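In our numbering, the protein residues as written are 112 to 406.
Laid out in structure tokens, this is it:
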């Protein structure tokens, strides 16, 4: 069995809402299974080992302590040493343990202080970004997505759709908006959490557009959700990720690389039919394929 602990946030709940594999998986959102006192203990003892019952709810404690040497544990997006140390000391030492990082490493000094401890606790650390993996001696696994349902009856309401935080991308987003102003644009720049929408709503917005816009952060080379959303939902993609040209799903009829492809040909790109990718290519990037790496 694979036991997964993940942040209790919208996108993770969407991703882990059921699996289509023939192996048992239990996915548990962390904070939903902890009371306020347990959350306080985690915050107070960030780098110290604690008693498992002080940090987690009864059901999670039972689930962790019932793991056998045939089981695996995956922790998603937590580098909290108190959590890592406590779990490691409280479960069967032969459980296969993995940690997945879903964000770029921006502060390596902070990670470096934790990395050796996490690895000493028996965890194998994975990242979605190949450059981070090479630079910081982490393990690489590609980005993934839960296969969204395609609504063939949805009405198209925009030509280009962008959703994201500024993250030092304001200049390029504004330039692109100006260059595409002849089209029907749906650009949503998020400034704070109050402007966020649910992931299901985001998927619904993507289904209503012709082309999804992706602007990656400086230094990012890892595959993003936007590229997979476009492929799975049969949408065109406009991206500034130059590395995408080397991906197995790259097709110039589907993907326009901003900064390489000439914007003078954007009309031609938009009017060229989308080429659906083979099922075996798509499956490689599904959560069902991804999760098999952790058994």
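For every residue, glycine included, the Cβ atom is placed at its ideal position computed from N, Cα and C.
Because the structure is a prediction, the values reported are computed rather than measured.
How would you call residue i, buried or exposed, if buried means at least 16 neighbouring beta carbons within 10 angstroms?
i, result
"residue 131", "exposed"
"residue 191", "buried"
"residue 151", "exposed"
"residue 285", "exposed"
"residue 257", "buried"
"residue 333", "buried"
"residue 137", "exposed"
"residue 120", "exposed"
"residue 352", "buried"
"residue 216", "buried"
"residue 346", "buried"
"residue 174", "buried"
Measuring straight from C-alpha to C-alpha, what distance separates residue i and residue j?
i, j, result
"residue 230", "residue 320", "44 Å"
"residue 382", "residue 335", "25 Å"
"residue 343", "residue 165", "42 Å"
"residue 402", "residue 296", "36 Å"
"residue 234", "residue 404", "14 Å"
"residue 123", "residue 372", "34 Å"
"residue 307", "residue 326", "17 Å"
"residue 226", "residue 239", "16 Å"
Which of the three DSSP states is assigned to residue i in this structure?
i, result
"residue 188", "coil"
"residue 200", "helix"
"residue 138", "strand"
"residue 178", "coil"
"residue 269", "strand"
"residue 299", "strand"
"residue 322", "strand"
"residue 224", "helix"
"residue 250", "strand"
Is the beta carbon of residue i less than 7 Å from the beta carbon of residue j?
i, j, result
"residue 209", "residue 185", "yes"
"residue 237", "residue 252", "yes"
"residue 203", "residue 180", "yes"
"residue 349", "residue 337", "no"
"residue 141", "residue 116", "yes"
**Message:** If we require 4 or more residues per run, which alpha helix (DSSP H) segments fall completely within the segment 357-391?
**Reply:** 377-382
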